Each structure stands twice: as C-alpha cells, then as structure tokens.
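Taking it in order: structure first as structure tokens, then the write-up.
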Amino acid sequence: MRARYFDPATGRFLSEDPLGFTAASNFYPYVGNRPLFFRDPWGKQPCCIPFALKYAGYGAAGGAGLTALGSVAVDAATGGINILATPSEIALGAAAGGAIGYGVGSLVDILMGTSCSSSPRSNPFRGKPGDVSTTRRPDGTPKQVRRYGPDGYPDTDVDHDTHGGNENPHAHDWGRPADGTPPTAGDRSEPGRPVTPSDPRPN
Amino acid sequence: MDFQSFHDGHFDGIHLEPGKTVHIFLRAPNKDRYILVLKGVEALTLSGVKAGNIILDLVIRSAREATSTDVQELYDLGENNDQAAKLLGSTREKRLQILELNPSYGASGLFLFESFEIKETNEWMAFTLRSVEAKA
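Taken in sequence, the protein lines are chains A and B. Taking our numbering, the leading residue of the first sequence gets 1, the next gets one more, and so forth. Taking our numbering, the leading residue of the second sequence gets 204, the next gets one more, and so forth.
Written as structure tokens, this is what we have:
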C-alpha cells in the first residue's frame, strides 16, 4: 500500500503495482481486488488478513448496530421511529464490539495459526527510483536494506546480522552493464564493503 | 555447515527426484559446493530463477512457525482461507518443516518437507550412486 500513489477522488491507484505481472495481469488493482481476504501494508507482497482483524471489523459493525437498535424508540406523537443513541455512543458501541471481535479473532488465530507476516521475505529487484526497501526477520530486526537507483534497479544493499564471511553489517554496490542493459548477479560487488554514513538505513 | 553461512552464496539448481526427495545445489561464498537434500517434500514453490542466483538467507522453520501465508503460497490457494487452515493443521500434525530460500538476486523458494541433510559434493555423489545402484 505504501509503494503506490492513491487518488482518493477516483478511488484508484495512479501508479502501477510494483509487483507487476507477479501480482496480477492488470497493474492497478490493490491485492488483486480481494481486500476482504488480503492486505498489503508494504505494497510489495499481499498477505492474508488474520481472523483477529476480520472479527474486529465484524464486531465493530455489530457493536454499532446493536447500540443503535437498542436505543430505538417510537415517537408517541408522530408514530415515527427515532434512534436515541448519539453518534459518540454508537462509536463507543463500535469500539467495544471491535475490541471483543479482535479478542475472539486473536484466539482463533492462535488456535489455527492464521497470523500473517507483514513484511516480504526479500526485497524486490525493482523499486521506485530513490526508494529504500527493508526486509526484516520475524523479530523485527533488519535483514537487508536496499536502495534503488534512478533506473529502478538496486543501487546499494546493506546486509545485517549475517555470518557469511563479510563483516556485520556490510554493503554491496550494484554496478550497471556498459551496454545499458539491466544489472545481473555479476554486477553486485563481492565481497561486501564496510557500511558508510551515506548508505541506506532501515525504514 | 550452518545455514547462515550461505549468505552471499549461490543457488545453483534443483533436482526433483521421483518420489518426495529434492536436491538443492548450493555454493557457499568461499566457493565450496553443498547439496541440501530435503526428504518427504509435500510441496514446493520456486520462482525468479536467473543466472547467478545470490542467496540472502536460508531459513528453516518448524511446523509451529508455519503460517497460513506459507500454505497459501505453497499451494496457490489465493483467498481460500478454509483450505489454508486445513492444510496448516495437517502441516502441524505431520510435524513438517519449512525452508525459505530468500534472494538478494534471482531464485526465491519455499519448501515444505519432513527432514533434511546437508552433503558435500563428494559425499552426495557417493550417496546418489548408491541410490541408483540400489534401484537398478
């Protein structure tokens, strides 16, 4: 979601999905037009919506509805139906319902193991020029920070907490073939070099 | 040889043996070659293979650490959460493990399997010859 520009007026994305053809044949939909089941907080890899979030949504809707229904009264003079609950009371009902739904959904997630990872396992090879993409381990520590050059291909990788013979962290620079074609494995500097202040940092 | 030693190494290829054994050919940064033999492979997905695949990391996770996202990716389930929950349950019952092949460049993979061994090239060739002879 954070990798694309969104036009609230039309409700559509203005830029292509950076996942390109790996996401869908059309570059513009969000999570393949299946927002009920998937979310994509980083704009790079759709993942499932756990039960906790789904149930929180159902709970909020239910809480708001019940609060409103519970306050319905018939006007004796006109015979009309009035909802006596104020907007803030309905919002309070939604919050309470959402909290209950989240709690129940979290229990289901624990029992069924339906949590989802919120970060991709590796950085995409292409990105928005100048952007920095960070891949993290499940504990939140960074694995690799990648900055993209003006052509959208990697410019620098900073690898963290690894034990492959390079120091930790260390940086790899991506060169470009002289003929202007996209970089390949041989264009990544090896071995890594020490990190400098101008290298990308985790975002 | 531990898995962290393959950071900045290379994924050189894969051999799918008839049955449920998969051989993954790896090269450490010091150029030493290893073969990771996965046994009892239930599912795998491999994409983005290029010439000179550079490994960011190899991660092994237990069945308890498997998620429905893993199962959805392994079985191309899309939004079918019910099937994902069933397959995740069976993954845990069978105590399967998950291997992530995460790239700095090229191949990205996910493997669902029972057990693994890491073999050096010579050891692997001897092992493979024995298997071929046994089947002949």
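Note that CB positions come from ideal geometry on N, CA and C, so glycine has one too. The structure presented is a predicted model; accordingly, all values stated were derived computationally and were not measured.
Item, Value
"Tell me whether Gln-207 of chain B is buried or exposed, calling it buried when 16 or more other Cβ atoms sit within 10 Å of its Cβ.", "exposed"
"Can you pull the chain A residues whose beta carbon is under 7 Å from the beta carbon of Leu-290 of chain B, in chain order?", "Ordered by position in chain A, no residue passes the 7 Å Cβ test against Leu-290 of chain B, which lies about 11 Å from the chain."
"Decide if Thr-324 of chain B is buried, meaning its Cβ has at least 16 other Cβ atoms within 10 Å, or exposed.", "exposed"
"By the DSSP assignment, the beta strand (DSSP E) with Gly-70 of chain A in it spans what residues?", "Unbroken run through Gly-70 of chain A is the alpha helix (DSSP H), 51 to 70; no beta strand (DSSP E)."
"How about Asp-155 of chain A and Tyr-148 of chain A: are their beta carbons less than 7 Å apart?", "yes"
"Between the stretch 128 to 159 of chain A and chain B, which residues of the former have CB atoms less than 9 Å from a CB of the latter, in chain order?", "Thr-135, Arg-137, Pro-138, Lys-143, Gln-144, Arg-146, Pro-154, Asp-157 and Asp-159"
"In the structure shown, what three-state DSSP assignment does Gly-153 of chain A receive?", "Residue identity check: residue 153 of chain A is Tyr in the sequence provided, not Gly. Coil, per DSSP."
"Got a sec: is the Cβ-Cβ distance from Gly-312 of chain B to anything in chain A below 7 Å?", "no"
"Does the beta-carbon of His-218 of chain B have 16 or more other beta-carbons within 10 angstroms, so that it is buried, or is it exposed?", "exposed"
"What residues from the stretch 170 to 196 of chain A come within 8 Å of chain B, judged by C-beta to C-beta, listed N to C?", "His-172, Thr-184, Ala-185, Gly-186, Arg-188, Glu-190, Pro-191 and Gly-192"
"Can you tell me whether Asp-40 of chain A is helix, strand or coil according to DSSP?", "Residue confidence for Asp-40 of chain A is low, a pLDDT of 47 falling below 50, so the modelled location carries little weight; the figure read from the coordinates is stated next. DSSP places Asp-40 of chain A in coil when its eight states are reduced to three."
"Could you pull out every residue in the same chain whose Cβ sits closer than 8 Å to the Cβ of Val-108 of chain A, ignoring the five residues on either side in sequence?", "Phe-51, Ala-52, Tyr-55 and Thr-114"
"In terms of residue numbering, what span does the alpha helix (DSSP H) encompassing Gln-324 of chain B cover?", "For clarity, residue 324 of chain B is Thr in the given sequence; the question names Gln instead. Per DSSP, Thr-324 of chain B belongs to the alpha helix (DSSP H) from 324 to 338."
"From the beta carbon of Gly-255 of chain B, is the nearest beta carbon of chain A less than 7 Å away?", "yes"
"Output the distance between the C-alpha atoms of Leu-306 of chain B and Thr-135 of chain A, rounded to the nearest integer angstrom.", "Here residue 306 of chain B turns out to be Pro, not Leu, going by the sequence shown. Each residue's alpha carbon lies about 11 Å from the other."
"Going residue by residue through the stretch 242 to 310 of chain B, where are the continuous alpha helix (DSSP H) segments of at least 4 residues, counting only ones entirely within it?", "271 to 278 and 284 to 296"
"The beta strand (DSSP E) with His-213 of chain B in it runs from where to where?", "213 to 219"
"Quick check on Tyr-237 of chain B - is its C-beta less than 7 Å from some C-beta in chain A?", "no"
"I want to verify the contact list: residues of chain B whose CB lies under 7 Å from the CB of Arg-201 of chain A, in sequence order.", "Correct list: empty, because the minimum Cβ distance to chain B is about 18 Å."
"Kindly list the residues whose CB is nearer than 8 Å to the CB of Tyr-308 of chain B, restricted to its own chain and excluding five residues on each side of it in sequence; keep chain order.", "Lys-253, Gly-255, Asn-256 and Ile-257"
"Whose C-beta lies closer than 6 Å to the C-beta of Asp-211 of chain B among residues of the same chain, with five residues either side of it excluded?", "Pro-232"
"Under 8 Å between beta-carbons, which chain B residues line up against Ser-122 of chain A? List them in chain order, please.", "Leu-259, Asn-305, Pro-306, Ser-307 and Ser-311"
"Could you check where the beta strand (DSSP E) with Ala-171 of chain A kicks off and where it finishes?", "170 to 173"
"Would you grab the beta carbon distance between Ile-90 of chain A and Ala-73 of chain A for me? Rounded to a whole angstrom, and I think it's under 8 Å.", "Rounded, the Cβ-Cβ distance is 15 Å, inconsistent with contact."
"Please report how far the alpha carbon of Thr-78 of chain A lies from the alpha carbon of Asp-279 of chain B, in whole angstroms.", "58 Å"
"Name the two residues that bound the continuous beta strand (DSSP E) containing Pro-142 of chain A.", "142 to 148"
"Name, please, each residue of chain A whose Cβ falls closer than 8 Å to the Cβ of His-218 of chain B.", "Those within 8 Å of His-218 of chain B in chain A number zero; the least Cβ separation is about 21 Å."
"Going along the chain, which residues of the stretch 206 to 234 of chain B sit with their C-beta nearer than 9 Å to a C-beta in chain A?", "Gln-207, Ser-208, Phe-209, His-210, Asp-211, Gly-212, His-213, Ala-231, Pro-232 and Asn-233"
"For Phe-228 of chain B, name the three-state secondary structure that DSSP assigns.", "strand"
"Just checking my contact of Ile-321 of chain B with Leu-239 of chain B at CB under 8 Å: how many whole Å lie between their CB atoms?", "5 Å"
"For the putative contact between Leu-315 of chain B and Thr-331 of chain B, defined by C-beta atoms under 8 Å, what is the C-beta separation to the nearest angstrom?", "Not a contact, Cβ separation roughly 23 Å."
"Smallest Cα separation from Met-204 of chain B: which of B:Lys-289, B:Arg-230 and B:Thr-224?", "B:Arg-230"
"Suppose you measure from the CA of Lys-208 of chain A to the CA of Gly-152 of chain A; what does that come to, to the nearest Å?", "What the structure shows of chain A is the stretch from 1 to 203, and residue 208 of chain A is not part of that stretch, so it cannot be assessed."
"Hey, would you say Arg-264 of chain B sits closer than 7 Å to Ile-301 of chain B, going by beta carbons?", "yes"
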